[in-house]
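Asker:
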Amino acid sequence: MAHERDVEIVTVSALSDNYDFLVHDPISGRTALVDAADPEPILAALAERGWHLDEIWLTHHHWDHIDGTAALVEATGAQVTGAKADQHRLPPMARVVEPGQSFAFAGHQVNVLAADGHTIGHIAYHMPSAKALFTADSLMALGCGRLFEGTPAQMWDTLSRFMALPDDTVIYSGHEYTAANAKFAITIEPDNAALLARINDIEAARTKDQPTVPSVLALERATNPFLRAGLFEVKTHLGLTGASDLEAFTEIRARKDQF
């Protein structure tokens, strides 16, 4: 197995606020792309580094995550991977996967995790050797995706699945929404010192036009209101003492939708 230091992951900004990610293994020279919003910045990032794109891993069917796929396949011959459940609304794929399955990329194991909620059939890709979790629009920096197709129970299951991973897992999510998410998060935990410190860091980064993605799971646990729905102090602030974790999460999601 390749070691974690052997993998280079590059964040590529696309469209107005999307992120795609290049995953490069220098030993084999192979490169994968997670989601494909816009081919131009991806091809530019590849050319800048002298990399060739071999694979594209799609997380879900929304246009701002797949519209660059056809042009990238035409330009590079990359093979596309995506969820079997989404096969009818994804670009043509060389490999279909289901949650619970794994595949190999340049000697690294890639685990496919269910990430339903934002959409049905959304998946995440976990590379343990790189301590990397590509979550797209499920778990996001200080947030979670809006529930366009799934239920609060499905999204809570997804987030609970991710919370079982090691604290040092790096979360590569699909959008630069962190500053807006922070404005909401502080309404749920106004006295959270870790959140207040993170908000300062976010403001400093965005002032310099620096990305706030990726983030680390330990930081999300400490500050992301959607991951903290099960905590007594959060339920108390919501006026939901005695509620289930799912009920608290559902209330937080509803408040965010109206925020």
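Residue numbering for the sequence shown is 1 to 259, as defined by full-length UniProt numbering. All C-beta atoms, glycine included, are put in the ideal place defined by N, C-alpha and C.
If we require 3 or more residues per run, which beta strand (DSSP E) segments fall completely within the stretch 148-222?
Answerer: 170-173
Asker: The beta strand (DSSP E) that contains GLN87, what's its start and end?
Answerer: No beta strand (DSSP E) holds GLN87; DSSP gives it neither H nor E.
Asker: Have a look at LEU147 and ALA44 and give me their C-alpha separation to the nearest angstrom.
Answerer: In a straight line, the C-alpha of LEU147 is about 33 Å away from that of ALA44.
Asker: If you pair each beta-carbon of the stretch 150-161 with each one of the stretch 226-245, do three or more pairs fall below 8 Å?
Answerer: yes
Asker: Alpha carbons only, please: which of THR236, LEU58, GLY143, GLY68 is nearest the one belonging to HIS126?
Answerer: LEU58
Asker: Quick one: measure Cβ to Cβ for HIS60 and ASP86, integer angstroms, because I've assumed they're closer than 8 Å.
Answerer: Confirmed, about 6 Å.
Asker: Any idea if ASP257 is buried or exposed, counting beta-carbon neighbours within 10 angstroms, 16 or more meaning buried?
Answerer: Residue burial annotation: ASP257 is exposed, with fewer than 16 other C-beta atoms found within 10 angstroms of its C-beta.
Asker: Quick one, which of ILE186, TYR172, THR178 has its alpha-carbon nearest VAL23's?
Answerer: TYR172
Asker: Is the beta carbon of ALA78 closer than 8 Å to that of LEU53?
Answerer: Yes, Cβ-Cβ distance for LEU53 and ALA78 is below 8 Å.
Asker: How many angstroms separate the CA atom of VAL34 from the CA atom of HIS237?
Answerer: 37 Å
Asker: Could you check whether VAL112 and PRO92 sit closer than 8 Å to each other, using their CB atoms as the reference points?
Answerer: no
Asker: Evaluate ALA130 with the Cβ neighbour count: other Cβ atoms within 10 Å of its Cβ, from every protein chain shown; 16 or more gives buried, anything less gives exposed.
Answerer: buried
Asker: If we ignore side chains and look at the alpha-carbon of each, how far apart do GLU48 and GLU40 end up?
Answerer: 12 Å
Asker: Which word fits THR250, buried or exposed, when buried means at least 16 other C-beta atoms lie within 10 angstroms of its C-beta?
Answerer: Classification of THR250: buried, given that the 10 Å Cβ count is 16 or more.
Asker: Where do the ends of the beta strand (DSSP E) carrying VAL7 lie?
Answerer: For VAL7, no beta strand (DSSP E) run applies, since DSSP gives it neither H nor E.
Asker: Determine the direct distance from the alpha carbon of ARG30 to that of THR135, and round the result to whole angstroms.
Answerer: 21 Å
Asker: Mind checking ALA83: buried by the 16 CB within 10 Å criterion, or exposed?
Answerer: buried
Asker: By the DSSP assignment, the alpha helix (DSSP H) with ARG49 in it spans what residues?
Answerer: 39-49
Asker: Could you check the C-alpha separation between ASP191 and GLU233 for me, to the nearest Å?
Answerer: Distance between the alpha carbons of ASP191 and GLU233 is about 11 Å.
Asker: Thinking ALA114 and ARG161 are a contact (beta carbons under 8 Å), I'd like their distance in whole angstroms, please.
Answerer: 7 Å
Asker: Does DSSP put ILE252 in a helix, a strand or coil?
Answerer: ILE252: helix per DSSP, three-state reduction.
Asker: Please work out which residues of its chain come closer than 6 Å, Cβ to Cβ, to ARG221, disregarding the five sequence neighbours upstream and downstream, and give them in chain order.
Answerer: LEU227
Asker: Determine the direct distance from the alpha carbon of GLN109 to that of PRO128, and round the result to whole angstroms.
Answerer: 7 Å
Asker: Apart from the five residues just before and just after THR169, which ones in its own chain have a Cβ nearer than 6 Å to its Cβ?
Answerer: LYS131, LEU133, LEU217
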